[in-house]
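S.K.: Mind having a look at this structure? Questions to follow.
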Amino acid sequence: MRRGERSEVRCTGPRLHEGVVPLPLLPLPEGDERRWLLTMLLEDFIETSDASFEQDRSVVLKSLHSRDANMRCEALGRCELRVEPGYPGPLCALLGTGELCDALECSVLRMREHDLAEVTADAKLCDWRGEKSESVTFQVEVTSYLPGDWEHARGDEEKLEVLARRKDAAVGLLKTGRYGLAAFHFREIALRLGYIDDFRGLKAGEARAAQVRELKEACWLNRALCLIKASNFKGAQDACDQALEFTSGDRRAKAYLRRAQAKLGLDDCAAALQDCLCVDGECAREAQQVALQAARRQKLLDAEAKPLAARMCSALGQLPHPLDVD
C-alpha cells in the first residue's frame, strides 16, 4: 500500500484472530466461521534510508511524515525549513548552492514538501551544531518549497541550459572546497544529460550532440577531481571509467591521469603506472610525477611485506608429512 491509500480485505474469523493475544476481559471467540470485511487506511509509515551523497551512510534519514503526492525537492529550488534543535526560527535557502551544511543539503534533496524527518549524520557534516561527538541527530521539516529552473524547463534546449548553469555552480562549489556537494552535482548533471534525446543526435544533429558530450565529459572529470580531493579514491576511479567511455584528445589524457591518481590512493601502484603511460600532451609532466610517487609507494609496500614473506618462507618444509598425521 501507499501513503493515504485505502483498501478492503475479506477474511474468515480464524484468519482474522490469528496471532492476536486475547485480553482477559475480551476473549477471542472460538469456531467463528463468519466472514469479515476490513477497511484499512495507511496514514503513514516510518522509512529509513541512506541519504548521503556517496551512499556511505554518513547521513541516515528516517522519514517521520511524508506525502508521496507532494513535489520532491530539487537542486536550485528554494525551500523553507524548520530544524530542531539548532536554528531558532525558519530557514530559507536555495538548495544545492552551499547555503546549507552537507547534512542538510543531502537530507532535503531526498525529501518532499511538508515532509518531516529525523536525520542522524556525522558531526563533521553539521558545522552549525558545534558538537564534539561522532554523530548528531536532529529533525528537519520542509515547510514550503518553490521549484527551480529544472522543473520549469521545457524541451531539450532549456534543459541543456539549466544543466550548464548547474555545472557552473558546481565548479564554484569545487573552488570553495565543498567537494562532496560538488561531486553530487556533477554526477546528477551527467546522468540527466543521458535523458536528453539530442545526446544521440536524433533531433538537432551532431552540433547538439557534441555540446552534450562536452558537458558530460567535463562533469565526470570534475567529479573525479572532487572525489580525489575528498580521498574517495574508489569513487574517483569509477568516475574516470565513465569518462573514458567517450572522451578523446586532451580530456582522455586527463581521465587517465586522474584515474592513475585514484589508483595510487588505493595502493594499486602497478595499475597507476600503467595509466601514466597512456598520458601525453599537457598532462605528461604531471603524469611523470604521479609515476614517481607510485614507484616510491610500491617500494614502501614491498618493504612492509618483506618480513611477512620471510616468515611464510621459513615455515616451508617444517610441517609434518601428511602420512605421519593421525
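Last residue of the sequence shown? That's 327 in the working numbering, and every number before it is there in order.
Just so it is clear, CB atoms sit at the ideal spot from N, CA and C, and this is done for glycine as well.
All values derive from a computational prediction rather than experimental measurement.
Please report the residue range of the alpha helix (DSSP H) in which Cys241 lies.
M.R.: 234 to 244
S.K.: Rounded to a whole number of angstroms, what is the C-alpha to C-alpha distance between Leu43 and Arg36?
M.R.: 22 Å
S.K.: Which parts of the segment 52 to 129 are runs of the alpha helix (DSSP H), unbroken and 4 residues or longer, counting only runs that do not cross its ends?
M.R.: 103 to 109
S.K.: Are the beta-carbon atoms belonging to Ser59 and Ala122 less than 8 Å from one another?
M.R.: yes
S.K.: So, with DSSP's three-state summary, where would you put Val280?
M.R.: coil
S.K.: Quick one: what's got a C-beta closer than 8 Å to Ala231's C-beta in the same chain, skipping five residues either side?
M.R.: By the criterion of a C-beta distance shorter than 8 Å, Ala231 is surrounded in its chain by Tyr180, Gly181, Ala184, once the five residues flanking it on both sides are discounted.
S.K.: To the nearest angstrom, how far is it from the Cα of Ala272 to the Cα of Lys264?
M.R.: 7 Å
S.K.: Taking just the CA atoms, how far does Thr138 sit from Leu107?
M.R.: According to the sequence provided, residue 107 is Cys. The question's Leu does not apply to it. One Cα belongs to Cys107, the other to Thr138, and the distance between them is close to 15 Å.
S.K.: In the structure shown, what three-state DSSP assignment does Glu207 receive?
M.R.: Annotated three-state conformation of Glu207 is helix, per DSSP.
S.K.: Please state whether the Cβ-Cβ distance between Val241 and Ala256 is less than 8 Å.
M.R.: A quick correction: the sequence has Cys, not Val, at residue 241. Yes.
S.K.: Are the CB atoms of Asp103 and Leu126 within a distance shorter than 8 Å?
M.R.: yes
S.K.: In angstroms, rounded to a whole number, what distance separates the CA positions of Glu85 and Val10?
M.R.: 40 Å
S.K.: Between Cys93, Ser64, Glu81, which has its C-alpha nearest Arg111's C-alpha?
M.R.: Ser64
S.K.: Under 7 Å from any heavy atom of the ligand GDP, does the C-beta of Ala271 make it?
M.R.: With respect to small molecules bound, the structure shown includes none, and the ligand GDP cannot be examined in it.
S.K.: Using 10 angstroms around the beta-carbon of Asp276, count the other beta-carbons present and answer buried if the total reaches 16, otherwise exposed.
M.R.: buried
S.K.: Assuming Met2 is part of the alpha helix (DSSP H), what are its boundary residues?
M.R.: Run containing Met2: none; DSSP gives neither H nor E here.
S.K.: With Phe185 as the anchor, note down where its beta strand (DSSP E) starts and where it stops.
M.R.: Looking at the DSSP string, Phe185 is not in any beta strand (DSSP E); the run it does join, the alpha helix (DSSP H), is 180 to 194.
S.K.: Closest to Glu75 by C-alpha separation, out of Asp150, Cys93, Lys176, would be which residue?
M.R.: Ranking the options by Cα distance to Glu75, first place goes to Asp150.
S.K.: Do you know whose CA, among Leu222, Cys227, Leu278, Ala237, lies nearest Arg252's CA?
M.R.: Leu222
S.K.: Assuming Leu38 is part of the beta strand (DSSP E), what are its boundary residues?
M.R.: 36 to 42
S.K.: Please determine, among Gln262, Thr13, Val280, the residue with the shortest C-alpha to C-alpha distance to Ile229.
M.R.: Gln262
S.K.: Here's the rule I'm using: 16 or more other beta-carbon atoms within 10 Å means buried, otherwise exposed. How should Ser134 be labelled?
M.R.: exposed
S.K.: By the three-class DSSP mapping on this structure, what secondary structure does Ser50 have?
M.R.: strand
S.K.: Could you give the C-beta distance for Lys368 and Leu267, rounded to a whole number, given that I count them as a contact under 8 Å?
M.R.: Only positions 2 to 327 of the chain appear in this structure, which leaves residue 368 out of reach.
S.K.: Let me check understanding here. Comparing Cα to Cα, which of Gln212, Ile47, Leu39 lies closest to Asp116?
M.R.: Comparing Cα positions, the closest option is Ile47.
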